[in-house]
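Since the structure comes first, as structure tokens, the remarks are kept for the end.
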Amino acid sequence: MANRRNPRAASLPLDSSKSTLPVLPSWMGSRSVGNGAAELRVAYQGVSGAYSELAARTALPGCATLPCPVLYDAVLAVKAGHADRAVLPVEGTTDACAVRNYDILLQNDLHIVQEVSLFVDYYLLAMPGVGKKGLRKVISHPMALEHCGRSLRRLGLDQEPVDDTAGAVKMLLARGMVDTAAIASPRAAALYGLDVLVRGLQDEAWNVTRFLVLSRSPGQHKSGTAAKTSIVVAGRGGALAALLKVLSACSRRGISLRKLEVHNPGAHGDGMAVLVLDADGRGTLRAFPHVLYVDLEGSVEDERVKDAMADISSFSELVRVLGCYTADPKIYDLRS
């Protein structure tokens, strides 16, 4: 299935049907933010009120959160032991998958141990007392601006990208920007005391983002629950041929795929750098002309999954397990 925003990507996106109703996260309504001692420390990009922070608190209620200025800093915090987990946004129903974020996984020896999907509701926020008529521009994360593009054009606002949605709110306050609005979460509006001018600003009503939770050590899916395994496949043959072979290896064994995406940087560059681990756990970076990201149903301990991975390995230079974890089909609703 070709992605219109990235002609080189082939993906199986999140199911946008509304058969799975959003549910209320268990932490909502609680004032606990964690004391940083007994709780897990979870790193994320942004400041308090960012959607990644909401994902962290939803996936790991009661955790102590660690804000980081850029996403790679969150990964480094886990690698250095300053944090136990990192939260990574990777996929949305209304945009292309965040391939660059998956690439962070490829270049670091971290493991996916959990997934969480959030219903993302964008709010248009402004300084207290400022109405829509006084606005000239809007600031937010580039993805938020894209998700709200049609609505913003109707409002006639210039757009300025910044690193983080909640960070845009803090910028408004710090600079006293009375001619500027920010797009951010309902939680950011409550935390920083801005006026809400528009609720549900996103162009598509069904707006869901999937996040991954990363750890230094591999995780295990809960006994009696459905498992999901994420792998990366790399080689020097044609990307389309590799994709078809992965499909064949899984379909012959009755394994359903939840994601299959080709990243082909080698078409316009020197290739994708991937951390390749040897038998002793030492890693070296190697460049490949393409990589395939695959999410499949089942555990790495299942015989049919083992057989499929052995089959895939026979025509690939690299097959690496990014994580095996409990599949979480729920979509958590942050609107409250």
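Just so it is clear: in the sequence shown, position 79 is 603 by the working numbering, and no numbers are missing. Note that beta-carbon positions come from the ideal geometry of N, C-alpha and C, so glycine has one too. Remember, predicted model here, so these are calculated numbers, not experimental data.
| Item | Value |
| --- | --- |
| C-alpha distance - GLN575 paired with GLY759, whole-angstrom precision | The identity of residue 575 in the sequence shown is Tyr, whereas the question assumes Gln. Going from the Cα of TYR575 to the Cα of GLY759 covers about 35 Å. |
| Pair within 7 Å by beta-carbon distance, GLN631 and VAL662 | no |
| Of the listed residues LEU648, LEU721 and PRO652, nearest to THR689 (C-alpha basis) | LEU648 |
| Stretch pair the region 654-661 + the region 632-643: three plus CB contacts closer than 8 Å | no |
| Simplified DSSP assignment, three categories, for LEU564 | coil |
| Extent of the continuous alpha helix (DSSP H) to which GLU670 belongs | 666-671 |
| Test item: CB-CB of VAL566 and ALA580 under 7 Å | yes |
| Alpha-carbon to alpha-carbon, CYS592 and GLU728 | 29 Å |
| Straight-line Cα distance separating ARG723 from VAL786 | 35 Å |
| As assigned by DSSP and simplified to three states, the class of MET701 | coil |
| Meets three-Cβ-pair contact criterion under 8 Å: the region 816-831 and the region 842-853 | yes |
| Pick from ALA803, ALA668, ARG674 and GLY655 that is closest to ASP687, judged by C-alpha positions | ALA668 |
| Spatial distance of LEU842 from ASP608 (CA atoms) | 28 Å |
| Residues that DSSP places opposite PRO613 in a beta bridge | PHE735 |
| Chain-order list of residues whose beta-carbon lies under 8 Å from that of LYS694 (same chain, five-residue window excluded) | VAL571 and TYR716 |
| Inter-residue spacing [alpha-carbon to alpha-carbon] between LEU676 and ALA803 | 53 Å |
| Rounded C-alpha distance that separates SER772 from ARG810 | 27 Å |
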